[in-house]
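Residue numbers (the working numbering): 42 to 239.
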Ligand code: ADP
Ligand code: 5GP
């Protein structure tokens, strides 16, 4: 994986429903330099999702074929479906843009193995489990069974917070966004204006 000189990679992970998608979209809207990594998945699209924009929706057969051909930097099985990040799209995007990844802790571990990456890892949590459940219900994009599965994965997900550089509580959306914005911009500055060692 070869970076454009100043381009960075930002990983946002959280238990499902905390607000990753909302925040990654806000970053992309505000900063033209950031592109959201569009993952491949075998899950079915939600009513508001567009193929090629939110995900590349593919069959399990095709996904397993791509695994065999080593086309992913990382992939994981989550809630009975595969999700993965294609090498091809990351390699071409990073030459010209910063990238935000909305991926889980398993994928983050796999990306962390590439020691040459300018990768900053942020983990989001909700202020409590009740709020998380409310958001999953309010999003209204999952069946009751899917909501239960996602909610139950919370305890496993948060065990992995220590793999991340920052943990942020997404309570008030604007203030959470500002914190993330400031972390990312500071990180990016490091590569745009490298420190001269004395
Ligand atoms: P994720 O991508 O982490 O699964 P989403 O971004 O889809 O989560 O957010 C889940 C739901 O919570 C959405 O309906 C979103 O509008 C809402 N949401 C996100 N952040 C906040 C917040 N700070 N306060 C209240 N609701 C929020
Ligand atoms: P959802 O089905 O709600 O869109 O996503 C479910 C979970 O899959 C979220 O935790 C999301 O971060 C994760 N995810 C999405 N794309 C990828 C990916 O390419 N790789 C990995 N490891 N996780 C992903």
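The C-beta atom is built at its ideal place from N, Cα and C for all residues, glycine as well. Note that the structure is a prediction, hence the values are computed from the model and not measured.
Proximity test, residue i beta-carbon vs the ligand ADP heavy atom, cut-off 6 Å
{"i": "residue 58", "result": "yes"}
{"i": "residue 176", "result": "yes"}
{"i": "residue 180", "result": "yes"}
{"i": "residue 53", "result": "no"}
{"i": "residue 219", "result": "no"}
Residue i: CB within 6 Å of a non-hydrogen atom of the ligand 5GP
{"i": "residue 127", "result": "no"}
{"i": "residue 283", "result": "In the structure displayed, the chain extends from 42 to 239; residue 283 sits before or after that span and is not available."}
{"i": "residue 147", "result": "yes"}
For residue i, the three-state DSSP class (helix, strand or coil)
{"i": "residue 228", "result": "helix"}
{"i": "residue 119", "result": "strand"}
{"i": "residue 110", "result": "coil"}
{"i": "residue 142", "result": "strand"}
{"i": "residue 102", "result": "helix"}
Where the alpha helix (DSSP H) containing residue i begins and where it ends
{"i": "residue 54", "result": "Counting along the chain, residue 54 falls outside any alpha helix (DSSP H), though it belongs to the beta strand (DSSP E) covering 50-54."}
{"i": "residue 61", "result": "61-71"}
{"i": "residue 193", "result": "185-193"}
{"i": "residue 175", "result": "170-180"}
First through last residue of the beta strand (DSSP E) which encompasses residue i
{"i": "residue 160", "result": "160-166"}
{"i": "residue 76", "result": "75-77"}
{"i": "residue 135", "result": "No beta strand (DSSP E) contains residue 135, which DSSP labels as neither H nor E."}
Paired residues, beta bridge with residue i - DSSP
{"i": "residue 81", "result": "97, 125"}
{"i": "residue 209", "result": "165"}
{"i": "residue 92", "result": "96"}
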